[in-house]
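Visitor: Straight run, no breaks: the sequence shown in my numbering ends on number 869.
For glycine and all other residues, C-beta sits at the position ideal for the given N, C-alpha and C.
Fair warning: this is a prediction, and the values are worked out from it, not measured in the lab.
Attaching a single structure in structure tokens format; questions to follow.
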Amino acid sequence: MKKAYLYLALSAATLFTACSKDDETTAPAATTTETTATINGAQQTPANNSTATGTFTGTYNSGTKQLAYTVTYQGITATAGHIHLGGPGVAGGVAVPFDKLASPITGTVTLTADQADKLLTNGLYVNIHSAAYPQGEIRGDIRKK
């Protein structure tokens with residue numbers, strides 16, 4: 725009988741120790757990452773001689789998974805604009821379409837885990853299209869500041 729009580733006492737002590745607050749793991753703290761891009765025809769795939777230019781600035785919050793961005797451009801009449809998947813020199817699919825095209829373009833979007841990973845590893849770019857260049861006139865590869 726003493727063995728049964730000893731076993732019960734040890735089991736209870738193990739249970740309480742295993743549940744102690746010191747053993748709990750916490751999620752990593754959210755981080756904010758600033759991003760930027762210079763937008764021009766030289767980065768377009770394939771490159772072109774457009775004189776249009778622009779900039780992209782963004783702030784990504786890892787806790788909310790949200791990217792707040794501003795795109796400005798000049799020297800082009802935009803027919804479409806997006807953030808695309810794809811590293812430098814690589815054309816890719818649309819990740820974030822822009823709701824409006826007048827400069828400045830501003831917005832906030834919640835990224836998927838894959839999009840967030842690509843944002844943080846130079847795998848996204850901003851692209852502005854025109855009638856003269858329907859596949860994209862100016863492009864900027866998004867990088868961490």
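Can you name the start and end residues of the alpha helix (DSSP H) that GLN839 belongs to?
Guide: Counting along the chain, the alpha helix (DSSP H) containing GLN839 begins and ends at 837-844.
Visitor: For the region 823-843 and the region 856-864, state whether three or more C-beta atom pairs, one from each stretch, are separated by less than 8 Å.
Guide: no
Visitor: Given ARG867, which residues of its chain have a CB within under 8 Å of its CB, disregarding the five upstream and five downstream residues?
Guide: Counting only Cβ-Cβ distances below 8 Å, and skipping sequence neighbours, we find THR759, THR760, ALA761, ASN846.
Visitor: Using 8 Å as the threshold, is the C-beta distance between ASN785 and ALA754 below it?
Guide: yes
Visitor: Are the Cβ atoms of THR777 and TYR797 separated by less than 8 Å?
Guide: yes
Visitor: List the endpoints of the continuous beta strand (DSSP E) containing GLU758.
Guide: 756-764
Visitor: Pop quiz: ASN772 and HIS808 are said to be a contact at Cβ under 8 Å. What is the actual Cβ separation, rounded to whole angstroms?
Guide: No, ASN772 and HIS808 are not in contact; Cβ-Cβ is about 16 Å, not under 8 Å.
Visitor: Compute the beta-carbon to beta-carbon distance between VAL795 and GLY787, rounded to the nearest angstrom, for a pair I have assumed lies under 8 Å.
Guide: The pair is not a contact, with the Cβ atoms about 24 Å apart (cut-off 8 Å).
Visitor: Who are the Cβ neighbours of SER827 in its own chain at under 6 Å, not counting the five residues just before and after it?
Guide: THR796, TYR797
Visitor: Quick check on the burial criterion: 16 or more other C-beta atoms within 10 angstroms. Buried or exposed for GLY782?
Guide: buried
Visitor: Could you give the C-beta distance for LYS789 and THR834, rounded to a whole number, given that I count them as a contact under 8 Å?
Guide: 5 Å
Visitor: Look up LEU791 in the DSSP assignment and give the residues it is bridged to.
Guide: TYR784, VAL833
Visitor: Taking the alpha carbon of LEU791 as the point to measure from, which residue in THR801, THR750, THR830 has its own alpha carbon closest?
Guide: THR830
Visitor: Quick check on LYS824: buried or exposed, where buried means 16 or more other Cβ atoms within 10 Å of its Cβ?
Guide: exposed
Visitor: Which value, in whole angstroms, describes the spacing of the CA atoms of THR757 and VAL820?
Guide: 18 Å
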